[in-house]
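Quick note on numbering: full-length UniProt numbering labels position 37 of the sequence shown as 37, and the sequence is numbered without any gaps.
The beta-carbon is built from N, C-alpha and C at its ideal position, and this holds for glycine as well.
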Amino acid sequence: MGEGLKLLSGGLHFVHVGTSGFIAASEDLFNGSPATDIVNMENFTEVVFIVSKVAGGTGTATATMESCDTVVPGTATEINFWYRACTTPDVWGAITAAVAATGVPITAGADQQWLFGVRSEGLSGTDKYVRLKLTETESTAVDGSVACIMAGGRFVREITPVTVLV
């Protein structure tokens, strides 16, 4: 499960997944139990969603990952994933496996960072899409945001340096 952090080595692809329909002005992050936009993993091996809790220390949620069959899913299946939390500034917890059925409780507290990731082989069946679902468990407003990074592009190749004589 710790394989997800390989994405930090390069070849990153950033995806905008928190549109204004998801979170208005980064306020009340968990209100309405939102799910991110669905991202296509067809050409990537890894995805990590970054949840940043800023102000509002008491609101909580449960994070789950869903494997989807299309961008407007006819089927969304909860899947196992990994996570890592930073609930004290610059002190990261261990990379931990999360079970689909229970998800991960995002604890109370301000100034937290949470990473939730999956590799493409963790998707259900022939699915190639994924999203993060944040189910509100305590309704006090929390300011924050969600970002998504994809890595391990399947068709990424290095460009061989060439000398050109003019």
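Query                                                                                               : Result
Which listed residue (Ala101, Ala100, Pro89, Asp127) has its alpha carbon closest to that of Ala110 : Pro89
For Ala147: DSSP bridge partner residues                                                            : Ile50
Three-state secondary structure (DSSP) of Gly21                                                     : Caution is warranted here: a pLDDT of 49 is assigned to Gly21, below 50, making its placement in the model unreliable, and the coordinate value is therefore given only provisionally. Coil at Gly21, not helix or strand.
Residue range of the unbroken beta strand (DSSP E) whose run includes Pro105                        : 104-106
CA-to-CA distance, Val91 to Thr102, given in whole angstroms                                        : 25 Å
CB-CB length for Val39 against Tyr129, believed under 8 Å                                           : 7 Å
Identity of the residue in Cys68, Glu121, Gly93 nearest Leu115 by Cα                                : Gly93
Limits of the beta strand (DSSP E) - the one that Phe81 falls within                                : 81-86
Ala61 vs Glu138 beta-carbon contact at 9 Å                                                          : yes
Three-way DSSP call (helix, strand, coil) for Gly117 in this model                                  : strand
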